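Please read the structure below before turning to the comments.
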Amino acid sequence: IAGITQAPTSQILAAGRRMTLRCTQDMRHNAMYWYRQDLGLGLRLIHYSNTAGTTGKGEVPDGYSVSRANTDDFPLTLASAVPSQTSVYFCASRARGDSNQPQHFGDGTRLSIL
Amino acid sequence: AQSVAQPEDQVNVAEGNPLTVKCTYSVSGNPYLFWYVQYPNRGLQFLLKYITGDNLVKGSYGFEAEFNKSQTSFHLKKPSALVSDSALYFCAVRPPNTDKLIFGTGTRLQVFP
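Written as C-alpha cells, this is what we have:
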C-alpha cells in the first residue's frame, strides 16, 4: 500500500544525544514536510522540501536539520536533543504541480527526551 | 499574522445527532481550506477540501463543510454522528501562493452512545 513510513514509531532519548527520524514515501511526491504536534498547539512546521535537493525552514526550525538527497527520503535530525523537543513528529508529503492536492501523513514518531 | 482558530477544545454529541466542529481563519486572499481527522496513535487523514465553487463540500465518512467567505469560516458538519467519529479534528488553511499549511489547534469530538 502506497504511503509514508516513519521510523522509529517511538523513542526515549537522553538529552544531548543525536537522533535521526526517518521518513520514506513511495508516492513519488515532490514536496515533503516535517511537523511536530504538541498538546494545545496543533501541528507546527519544522522544515520542508519542495523537491529533491532543496530544503527550507518552517515555523520552528531551531535545533533540527533535514536533508533531501532523493525524492523518497526526508530524514529529520536532532543534533543535540533537549527536553523541549519531546513531541510527536509527523512527516507528510504532497504532489506538487497541482495545488489542490492535500498532504498525506505518516503515523508519527513519539519522541521523549529525558 | 495568518492564523486558524478552532474555538472549541472538545465537542460532545450524542450518537445520531448532528455535529458541527467550528473553524475560522485569518488569511489574506482566497486560501485553500482543509479538514483532517486524527485517530489515536495515527497520522492525520484527509477528510475534505474547499478550493473554489460550491460553498458546501462533501468529503469522506459522510462529513461535509460549509465555506463562508464573509465570516471567514469553514465549519465541519455531519447530519448524524457515529460513535466511531470520535477523534481529533484539525482545520488547515493554505494561503495563496504558498505550499505550506497553517493548522488549527484541533478539536476533540466525543460521540456518546
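Sequence lines, in order, name chains A and B.
Heads up: the first sequence begins at 1 in this note's numbering, then just goes up one per residue.
Heads up: the second sequence begins at 1001 in this note's numbering, then just goes up one per residue.
Beta carbons are placed, not taken as given, at the ideal position from N, Cα and C, and that holds for glycine.
Remember, it's a predicted structure, so these values are computed and weren't measured experimentally.
| field | Three-way DSSP call (helix, strand, coil) for Q1071/B in this model | value | coil
| query | In chain order, what residues of the same chain have a beta carbon less than 8 Å from the beta carbon of Y1032/B, not counting five sequence neighbours either side? | reply | K1049, Y1050, I1051, V1093, R1094
| field | DSSP three-state assignment for Q1002/B, whether helix, strand or coil | value | coil
| query | Taking C-beta to C-beta, are T77/A and Y89/A nearer than 9 Å? | reply | no
| Can a CB atom of chain A be found closer than 9 Å to the CB of Q1045/B? | yes
| query | First and last residue of the beta strand (DSSP E) that includes V1013/B? | reply | 1010-1014
| said: Measuring only the C-alpha atoms, how far is A52/A from L41/A? | reply: 29 Å
| request: Answer with yes or no whether the minimum CB distance from G16/A to chain B is below 9 Å. | output: no
| field | Nearest neighbour of S67/A, chosen from N50/A, R36/A, L39/A [CA to CA] | value | N50/A
| query | Do L45/A and T86/A have their CB atoms nearer than 9 Å? | reply | no
| message | For M19/A and A81/A, I'd like the C-alpha separation in whole angstroms. | response | 7 Å
| message | Under DSSP, the beta strand (DSSP E) around Y48/A begins and ends at which residues? | response | 42-49
| query | Which residues in the same chain have their Cβ closer than 6 Å to the Cβ of N30/A, if we skip the five residues on either side of it in sequence? | reply | T51, R96
| said: By alpha-carbon positions, which one of T55/A, R28/A, Q11/A, L114/A ends up nearest to W34/A? | reply: T55/A
| field | Beta-bridge pairing of E1064/B - partner residues as DSSP gives them | value | K1058/B, K1077/B
| said: For T24/A, report the span of its beta strand (DSSP E) as first-last. | reply: 19-25
| query | Quick one: which chain A residues come within Cβ less than 8 Å of D1054/B? | reply | Within 8 Å Cβ-Cβ: nothing; D1054/B doesn't reach chain A, min ~15 Å.
| Listed by chain order, chain B residues near P102/A by CB distance under 7 Å | F1034, F1046, K1049
| request: Pick out whichever of D1009/B, T1098/B, V1004/B has its Cα sitting closest to the Cα of L1109/B. | output: D1009/B
| query | Which residues bound the beta strand (DSSP E) around T1052/B? | reply | Run containing T1052/B: none; DSSP gives neither H nor E here.
| query | In or out: G108/A buried (at least 16 other Cβ within 10 Å) or exposed? | reply | buried
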